[in-house]
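Participant: In our numbering, the protein residues as written are 13 to 501.
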């Protein structure tokens, strides 16, 4: 608590108000939400800070300064400095080590933690192993196996001698009395009595305990975590984003150190978990869902335009929007997050709208007899206002969220930047690039026509849109007139 007060006095807020509003301590428990753990050995110091927009200091910077000020506390198993944050819980770096031997896992975890300490900006390096109380461990000698004694026989007989084994039950009225047989109290007071314990062999003979087993006194495990049948120790660490990047640290570890660690401990397997695994799973889902969404958009557009080629031109605007989203993050100084990737999926369905409007206008003008290049020029002029207003309203509507500085908005700002910047960039390219693509497509159609008919057609002859009204006349059976309107001046 005193260290936090010192940190608060050294850091200056943007508003000039005190950094810490309230400090209180909790003993007997630690954690937040559903991850609260209780115990007499637990405790925490909680602080209520000035709101983010008033203090201008990220809580990670406070945690780093606080940890440096406190330093290691003698006798503690772990010291955690954390704050309320958005996104999935867990440390920025979390590496699982799995194997059969706990001693090997702990040795590998110790070396991995030493490696993490060499990176600048990586702090709160710890593992989830917690030692238990001192205990006696029995290991069978080769002589015991020759006598037919198994480890289960040894454990059950020692347990029965010191804790008792049920011999019979007596019913007295409504009470059920269980009678247990064990050593006398005097024989259970001292560990030296183990010298007098006898173990019965399957043949009925009795041999001294110490002649068939080695008794080792050592510290046990408070708990053993298993994943897929293997023991697991998780090494975790936090990252100061101003001086380090979790992805870069993990990439550097993956390039060579983890392979050398596996070579030194061949029985230990490792995997990146935590936030890295969440990102990996989310990206794997997007890799499946995003192409399906693009295919669905293509099918819908192809059905409306009754063409397989023009929807491809419209879909070209999607990568333009993604480029604009990246440039928007770069200009605003934001990292690409998972919300940014989700925004890119939504962006794919938005940026195609302007191209649809543009190409539909070109097709309509061609169907009415307008020359091809005149139709392109007129479509750009006629649809400029609609395209521009659509983009302006989208960017204008998202601007308050992008410029918001409150803590609650920080989680959604990357998605807003993705949509706003992607739509703006794609609009500019739609007005300039889509007409060019239509011209290139028309040239390709004329070349194919020349190859088949040995005659250069006019640009209008190869455009399927010129047959729209004709097809409508031929296929109409409802009695409604579909003749094109002729306007004379």
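Positions of the beta carbon are idealized from the N, C-alpha and C atoms, including for glycine.
Check the C-beta distance from residue 38 over to residue 16 and give it rounded, since I have them as a contact under 8 Å.
Facilitator: Incorrect: roughly 14 Å between the Cβ atoms, too far for contact.
Participant: Under a Cβ-count criterion, where at least 16 other Cβ atoms within 10 Å of its own Cβ denotes burial, should residue 355 be classed as buried or exposed?
Facilitator: Flag for residue 355 reads buried.
Participant: If we call anything under 8 Å between Cβ atoms a contact, is residue 439 one with residue 352?
Facilitator: Against a cut-off of 8 Å, the Cβ pair of residue 352 and residue 439 comes out as no contact.
Participant: Would you list the residues sitting across from residue 188 in a DSSP beta bridge?
Facilitator: Beta-bridge pairing links residue 188 to 183.
Participant: Using a Cβ-Cβ cut-off of 7 Å (strictly less than) and excluding sequence neighbours within five positions of residue 437, which residues of its own chain qualify?
Facilitator: Contacts found: 332, 333, 335, 336, 339.
Participant: What's the call for residue 347, buried or exposed, on a 16-neighbour Cβ count within 10 Å?
Facilitator: Its Cβ having fewer than 16 others within 10 Å, residue 347 is exposed.
Participant: Please list the segments of the beta strand (DSSP E) lying wholly inside the stretch 342 to 372, counting only runs of 3 or more residues, in order along the chain.
Facilitator: Fully enclosed beta strand (DSSP E) runs of 3 or longer: not present.
Participant: Run the CB neighbour count on residue 388, radius 10 Å, all protein chains shown included, and call it buried at 16 or more, exposed below.
Facilitator: The residue is buried, with at least 16 neighbouring Cβ atoms inside 10 Å.
Participant: Only counting the same chain, and skipping five residues up and downstream in sequence, which positions put a Cβ closer than 8 Å to that of residue 426?
Facilitator: Contacts found: 341, 346, 347, 348, 349, 351, 352, 355.
Participant: Thinking just about the alpha-carbon of each residue, which of 119, 153, 152, 134 is nearest to the one in residue 255?
Facilitator: Looking at the Cα atoms, 134 is the closest of the given residues.
Participant: Where does residue 404 land, buried or exposed, given buried means 16+ other C-beta within 10 angstroms?
Facilitator: By the 10 Å Cβ count, residue 404 comes out exposed.
Participant: Within 10 angstroms of the Cβ of residue 196, are there 16 or more other Cβ atoms? Answer buried if so, exposed if not.
Facilitator: Result: exposed.
Participant: Give a yes or no on contact between the stretch 441 to 453 and the stretch 358 to 372, applying the rule of three or more CB pairs nearer than 8 Å.
Facilitator: Touching, yes.
Participant: Report yes if the CB atom of residue 379 is closer than 8 Å to the CB atom of residue 480, and no otherwise.
Facilitator: Yes, these two residues count as a Cβ contact at 8 Å.
Participant: So, residue 249 versus residue 128, is the Cβ gap smaller than 8 Å?
Facilitator: Yes, Cβ-Cβ distance for residue 249 and residue 128 is below 8 Å.
Participant: Assign residue 113 to one of three DSSP states: helix, strand, or coil.
Facilitator: Looking at residue 113 - three-state DSSP - the assignment turns out to be coil, as it is neither helix nor strand.
Participant: Nearer than 7 Å: is that true of the beta carbon of residue 360 relative to any heavy atom of the ligand GDP?
Facilitator: For the structure depicted, the ligand GDP is absent and the ligand set is empty, with no information on it obtainable.
Participant: Using 8 Å as the threshold, is the C-beta distance between residue 111 and residue 242 below it?
Facilitator: Cβ atoms of residue 111 and residue 242: closer than 8 Å.
Participant: Quick check: residue 245 and residue 118, are their CB atoms within less than 8 Å of each other?
Facilitator: It is a contact, given that the beta carbons lie within the stated cut-off.
Participant: Would you mind reading off the limits of the alpha helix (DSSP H) that contains residue 461?
Facilitator: Counting along the chain, the alpha helix (DSSP H) containing residue 461 begins and ends at 425 to 465.
Participant: Pull up the CB-CB distance for residue 120 and residue 237, whole angstroms please, since I reckon it's below 8 Å.
Facilitator: Actually they do not touch by this definition, with Cβ atoms about 15 Å apart.
Participant: Would residue 472 and residue 383 be called neighbours here (beta carbons separated by less than 8 Å)?
Facilitator: Going by C-beta atoms, residue 472 is nearer than 8 Å to residue 383.
Participant: Opposite residue 139 in the DSSP bridges: which residues?
Facilitator: Answer is 247.
Participant: Buried or exposed for residue 460, please, with buried defined as at least 16 other CB atoms from any protein chain shown within 10 angstroms of its CB.
Facilitator: Looking at its Cβ environment, which holds fewer than 16 other Cβ atoms inside 10 Å, residue 460 is exposed.
Participant: Rank 284, 417, 203, 317 by C-alpha distance to the C-alpha of residue 106 and give the top, closest one.
Facilitator: It is 284 whose Cα lies nearest to the Cα of residue 106.
Participant: With H, G and I counted as helix, E and B as strand and the rest as coil, what does DSSP make of residue 267?
Facilitator: Looking at residue 267 - three-state DSSP - the assignment turns out to be helix.
Participant: Between the Cα of residue 123 and those of 270, 227, 144, 203, spot the shortest distance and give me the residue it belongs to.
Facilitator: The shortest C-alpha separation from residue 123 is found at 270.
Participant: Leaving out five residues before and five after residue 421 in sequence, what residues of the same chain have Cβ atoms less than 7 Å from its Cβ?
Facilitator: Once the five neighbours on either side are set aside, the close Cβ partners of residue 421 are 413.
Participant: If residue 190 and residue 181 are in contact, beta carbons under 8 Å, what's the gap, nearest whole angstrom?
Facilitator: 5 Å between Cβ atoms; contact.
Participant: Which same chain residues, not among the five before or five after residue 52, have their C-beta less than 7 Å away from its C-beta?
Facilitator: Answer for residue 52: 40, listed in chain order.
Participant: Mapping DSSP to helix, strand and coil, what is residue 402?
Facilitator: It is helical.
Participant: With 16 other CB atoms within 10 Å as the buried threshold, where does residue 24 fall?
Facilitator: Answer is exposed; the Cβ neighbour count stays below 16.
Participant: Could you name the residues that DSSP lists as bridge partners for residue 106?
Facilitator: Its beta-bridge partners are 248, 285.
Participant: Taking only three categories from DSSP, how would you classify residue 232?
Facilitator: Reduced to three states, the DSSP call for residue 232 is strand.
Participant: Do you know how far the Cα of residue 263 is from the Cα of residue 323?
Facilitator: Looking at the two C-alpha atoms, the distance is approximately 39 Å.
Participant: Buried or exposed, going by whether 16 or more other CB atoms sit within 10 Å of the CB of residue 288?
Facilitator: With 16 or more other Cβ atoms within 10 Å, it is buried.
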